[in-house]
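Chemist:
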Amino acid sequence: MSQLIPCLPDDTVNNLYPPPAFPIEVRHFLADWIESQRWDDFVLEKVEMESQARALLEQTISMLQTMAQQNSNVVDRMKLMAISRNMTRFQQQPLQFGVMVRDILRKERVLLSTVKSFLTKNICYQQYPNRESSFLNLQDVDHLVLKVLQLQEVRKQKHQLQEDLNWERQNFEGLRCERGRLRFTAVILAVCVDCLDQCQTRLISRLKTWRWEQHKATIGHPFDDNLNPLCEQLVGVNGKLRQELMLIGEPVPELQERLGKLLQVLIQSSLVVEKQPPQVIKTQSKFSTTVRYLLGEKVAPGKPVMLKAQIINEIQARNLAVVPADNVGELINNSAILEHNTATKSTCATFRNMSIKKIKRADRKGSESVTEEKFALLFSAEITITGCDTPYRIQMISLPVVVIVHGSQDNNALATIIWDCAFSEPDRMPFVVPERVPWRMMYSTLNSKFTSEVQTQHGLDHYNQHFLAQKIFDKPDFAEDYSNMMVSWAQFNKEVLPGRPFTFWQWFEGVMELTKKHLKTYWSEGLIFGFIGKQHLHLILKDRPNGTFLLRFSDSEIGGITIAYVSASENGGQKIQNIQPFSKRDLEIRSLGDRIRDISHITHLYPEFPKDEVFKKFYSGNGFHIQSILHRQLGVYSHLGSCSETGTLTLKFGSFGQM
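Here it is in structure tokens:
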């Protein structure tokens, strides 16, 4: 039954549901079933509807009898049995029963529409249709506060009326009127609690989304770390509503319980890890992290709130309802006090100089590496909110972290984190990830990570994408769409690439690092072709003039860039040559721009840009031509056929870096 029924006067309710024929108990116990039937079809003149009306009458009587037998309350049981017996009076005139129910429901709709209209006008009765997924904003909270203010005004008016009553002349009608006002106030209060519930649900949804976006930021997704969730305003509203509950004069246990539960959920949902710890942590190395409590101004004054951190494993992260008893790691400097910053109006605990002294690892399965094991930091405290007698335990875990003991494990640990951040599902069981994902998702992750790491707007193009797919799937001759092909974790970073001593991720991460440190501007201006296979390279350069060149990332070395160019062959034709890749160290000695200037027989950047126009701004001014030295000492190798990039270059111009 509608929560608005109690707003109606007693006489109206009695007239709407006549006790002898269709008492309110029938409407209450059979509400869902009654509302699902087509009563509007019944008309006394339609005798053909009599059989349908009789069927509904018999169903009504049968359900009342069944409910009576199942009801443990003897009073309700006896009343339902009496009602079912009384309703047999309609068995001779079932159409009359159908029309009676039809008229009752019509009057009910009219009356409730009138009450709802009054509430909408006087207390802003309003739901939030289709907004469950939207985020809470300041206007929503203002709207909720207005409801509470109007509720308080209704309560004050009622209180004034009570004071004005002359108890010596009070009669029964006055008492009944007062009971009606109490019920009316309770209904208004219930509406406000509903509104608070909706606002809080959307707030918590926003917090979950914020954490999810923070997680995705690891792979380069945009993330606004500004968090202004309006938690404290909702705590204030909750307190005012609890106060109003105490002042209405009659206990409403259901609303008291709802408000208490809402408050508990809000208090325990307001701890966030504002600055995450590094997701790859080396033991004995210092790191920091910041935890923020969004109800900081509501924390009861007095004893400082001490937050403690502990490291937990995957199994413990799945059972946070139980305080972890087994210590899987030893954290140094693992406690911090919640402190309120009046300038930023935020309450945070900053863990400085934290470190992991030792770690206890779980038994590994099969070929699982230590760099695939995920942990997390659990932050917890006991906190008391102003106006609440009971302290609450609050806790929050960090994003997954991988603990390493040596710098050589960093690359593989980062691969574990990338896979976790890219392919985990919201609200997953910690820290479950799929074993395989479609290539389109993998490519999107690689592109996002590459552009964010290099800090460029120039992403990977479809040529790069195709070559990366050919490389990870080891299908150099495959020319079709890879989008829906499934790539596994093993292909990403467990199995080495064919003929190479490194995995796909190790190779790709090396290219990112080289580009970030030494090639950012070249890449951002589109001067580096990047990832390109040998067949494609031959296809686009074969008809270009001698001296045409392009810059491509090496596929035989980690973190290398090479120059592929067209030159004359011994028989008067053309061949495509590749200079041995330049590494990070090579480019630290002499920049790529200067190296390009040094090589006189490369003249035009593909397709036909004069190199001195394109790269002039990268020249340092200390270059010179070394063509004669190149002819004597520079080993070049053909890119045709099955030749690889293992040429015999013995000089990379490093000796000229200080000239």
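In the UniProt record's numbering, the protein residues as written are 1 to 659. Every residue gets a Cβ at the ideal spot worked out from N, C-alpha and C, and that includes glycine. Given the structure is predicted, the values throughout are model-derived calculations rather than measurements.
In the DSSP output, which residue or residues are listed as bridge partners for Y392?
Modeler: The residue labelled residue 392 in the question sits at position 392 within the sequence shown. DSSP, once it has assigned bridges, lists I383 as partnering Y392.
Chemist: In angstroms, rounded to a whole number, what distance separates the CA positions of A190 and L196?
Modeler: On the sequence shown, position 190 is the one that residue 190 refers to. On the sequence shown, position 196 is the one that residue 196 refers to. For A190 and L196, the distance between alpha carbons rounds to 10 Å.
Chemist: Taking C-beta to C-beta, are M100 and F22 nearer than 8 Å?
Modeler: Residue 100 sits at position 100 when you count from the first residue of the sequence shown. Residue 22 sits at position 22 when you count from the first residue of the sequence shown. Against a cut-off of 8 Å, the Cβ pair of F22 and M100 comes out as a contact.
Chemist: How about the stretch 196 to 211 and the stretch 263 to 274: do they share at least three Cβ pairs that are nearer than 8 Å?
Modeler: Because the criterion of three Cβ pairs below 8 Å is met, the stretch 196 to 211 and the stretch 263 to 274 touch.
Chemist: Quick check on E570: buried or exposed, where buried means 16 or more other Cβ atoms within 10 Å of its Cβ?
Modeler: As a position in the sequence shown, residue 570 is number 570, starting the count at 1. E570 should be labelled exposed.
Chemist: How far does the beta strand (DSSP E) with M306 in it extend, from its first residue to its last?
Modeler: Taking the first residue of the sequence shown as position 1, residue 306 is located at position 306. Looking at the DSSP string, the run of the beta strand (DSSP E) that includes M306 is 306 to 313.
Chemist: Might you give, ordered along the chain, the residues of its own chain that have their beta carbon closer than 8 Å to the beta carbon of Q276, omitting 5 neighbours on each side?
Modeler: Within the sequence shown, the letter at position 276 stands for residue 276. If we look at Q276 and ignore the five residues flanking it on each side, its Cβ neighbours are Q214, T289, S398, L399.
Chemist: Taking the straight line between their C-alpha atoms, what separation do you get for H536 and F467?
Modeler: Numbered from 1 along the sequence shown, position 536 holds the residue referred to as residue 536. Numbered from 1 along the sequence shown, position 467 holds the residue referred to as residue 467. About 9 Å.
Chemist: Just how far apart, CA to CA, sit K216 and V433?
Modeler: On the sequence shown, position 216 is the one that residue 216 refers to. On the sequence shown, position 433 is the one that residue 433 refers to. K216 and V433: Cα-Cα distance of roughly 14 Å.
Chemist: Please determine, among L259, S408, V75, L519, the residue with the shortest C-alpha to C-alpha distance to E588.
Modeler: Within the sequence shown, the letter at position 588 stands for residue 588. Per the Cα distances, L519.
Chemist: Grouping DSSP H, G and I as helix and E and B as strand, with all else coil, what is S488?
Modeler: Counting from 1 along the sequence shown, the entry for residue 488 is found at position 488. S488 falls in the strand class under three-state DSSP.
Chemist: When DSSP labels each residue in this structure, what does I558 get in the three-state scheme?
Modeler: Within the sequence shown, residue 558 is the residue found at index 558, counting from 1. Note: I558 maps to coil in three-state DSSP.
Chemist: Looking at the unbroken beta strand (DSSP E) that takes in T289, where does it start and where does it end?
Modeler: Locating residue 289 in the sequence shown gives position 289, counting from the first residue. Per DSSP, T289 belongs to the beta strand (DSSP E) from 287 to 293.
Chemist: Can you tell me which of the three DSSP states P44 falls into?
Modeler: For the purposes of this step, residue 44 is taken as residue 44 along the sequence shown, with counting starting at 1. Residue identity differs from the one stated: residue 44 is Leu in this sequence, not Pro. If DSSP states are grouped into helix, strand and coil, L44 belongs with coil.
Chemist: Helix, strand or coil for V272? Go by DSSP, reduced to three states.
Modeler: If you number the sequence shown from 1, residue 272 lands on position 272. Residue state, collapsed to three classes: strand.
Chemist: L331 lies in the alpha helix (DSSP H); which residues open and close that run?
Modeler: In the sequence shown, the residue the question calls residue 331 occupies position 331. Element bounds for L331: not the alpha helix (DSSP H) but the beta strand (DSSP E), 329 to 332.
Chemist: Can you give me the Cβ contacts of Y128 inside the same chain, cut-off strictly under 7 Å, excluding the 5 residues immediately before and after it?
Modeler: Indexing the sequence shown from 1 puts residue 128 at position 128. With a pLDDT of only 44 at Y128, under the threshold of 50, the placement of this residue in the model should not be trusted; the figure read from the coordinates follows. So the qualifying residues of the chain are Q198.
Chemist: In chain order, what residues of the same chain lie with their CB nearer than 6 Å to the CB of C177, ignoring the 5 residues before and after it?
Modeler: Numbered from its first residue, the sequence shown carries residue 177 at position 177. Any answer about C177 is weak, because its pLDDT of 47 lies below 50 and its placement is not dependable; what the coordinates show is given next. Excluding positions up to five away in sequence, the list is empty.
Chemist: Can you list, in chain order, the residues of its chain with a C-beta nearer than 6 Å to that of V13? Leave out the 5 residues immediately preceding and following it.
Modeler: As a position in the sequence shown, residue 13 is number 13, starting the count at 1. Cβ within range, chain order: n/a, list empty.
Chemist: Please report the distance separating the alpha-carbon of T386 from that of T371.
Modeler: The sequence position of residue 386 within the sequence shown is 386, counting from 1. The sequence position of residue 371 within the sequence shown is 371, counting from 1. T386 and T371: Cα-Cα distance of roughly 45 Å.
Chemist: Do G296 and S335 have their beta-carbon atoms positioned less than 8 Å apart in this structure?
Modeler: Position 335 of the sequence shown holds residue 335. Position 296 of the sequence shown holds residue 296. Contact: no.
Chemist: With DSSP as the reference, please indicate the residues paired to C348 in a beta bridge.
Modeler: Here the question's residue 348 lines up with position 348 in the sequence shown. Answer is R292, E339.
Chemist: Count the other CB atoms within 10 Å of the CB of G459; is the residue buried (16 or more) or exposed (fewer)?
Modeler: Position 459 of the sequence shown, counting from 1, holds the residue named residue 459. Result: exposed.
Chemist: Hey, out of W439, E513, Y443, whose CA is closest to V487's CA?
Modeler: The residue labelled residue 487 in the question sits at position 487 within the sequence shown. Ranking the options by Cα distance to V487, first place goes to W439.
Chemist: Does the stretch 328 to 344 come within contact of the stretch 303 to 320, defined as at least 3 CB pairs closer than 8 Å?
Modeler: Touching, yes.
Chemist: Per DSSP, K358 forms a beta bridge with which residues?
Modeler: Along the sequence shown, read from residue 1 onward, the residue named residue 358 stands at position 358. Per DSSP, E330.
Chemist: Could you tell me which uninterrupted alpha helix (DSSP H) segments, each at least 4 residues in length, are contained entirely in the stretch 433 to 457, listed from first to last along the chain?
Modeler: DSSP runs (the alpha helix (DSSP H)) wholly in the stretch 433 to 457: 439 to 454.
Chemist: So what's N228 in DSSP terms, helix, strand or just coil?
Modeler: Reading the sequence shown from its first residue, position 228 is the one you call residue 228. If DSSP states are grouped into helix, strand and coil, N228 belongs with coil.
Chemist: Can you give, in chain order, each stretch of the beta strand (DSSP E) that sits fully within the stretch 229 to 254 and has at least 3 residues?
Modeler: With a minimum length of 3 residues, no continuous beta strand (DSSP E) run stays inside the stretch 229 to 254.
Chemist: Per the DSSP calculation, I281 is bridged to which residue(s)?
Modeler: Position 281 of the sequence shown, counting from 1, holds the residue named residue 281. V403.
Chemist: Given P20, which residues of its chain have a CB within under 7 Å of its CB, disregarding the five upstream and five downstream residues?
Modeler: As a working mapping, residue 20 is identified with position 20 in the sequence shown. Cβ within range, chain order: N86.
Chemist: From the DSSP output, read off the bridge partner residues of T548.
Modeler: Position 548 of the sequence shown, counting from 1, holds the residue named residue 548. T548 is bridged to H604.
Chemist: Taking buried to mean at least 16 other C-beta atoms within 10 Å of its own C-beta, is K449 buried or exposed?
Modeler: Taking the first residue of the sequence shown as position 1, residue 449 is located at position 449. Buried: at least 16 other Cβ atoms inside 10 Å.
Chemist: With a threshold of 7 Å on Cβ separation, who are the neighbours of S452 within its own chain once the five nearest residues in sequence on each side are excluded?
Modeler: Along the sequence shown, read from residue 1 onward, the residue named residue 452 stands at position 452. Here the set comprises G220.
Chemist: Cα-Cα, which of R318, H340, A415, T445 is closest to M396?
Modeler: One-based indexing of the sequence shown puts residue 396 at position 396. Checking every option, the nearest Cα to that of M396 belongs to R318.
Chemist: If we ignore side chains and look at the alpha-carbon of each, how far apart do R585 and G560 end up?
Modeler: Reading the sequence shown from its first residue, position 585 is the one you call residue 585. Reading the sequence shown from its first residue, position 560 is the one you call residue 560. Distance between the alpha carbons of R585 and G560: 10 Å.
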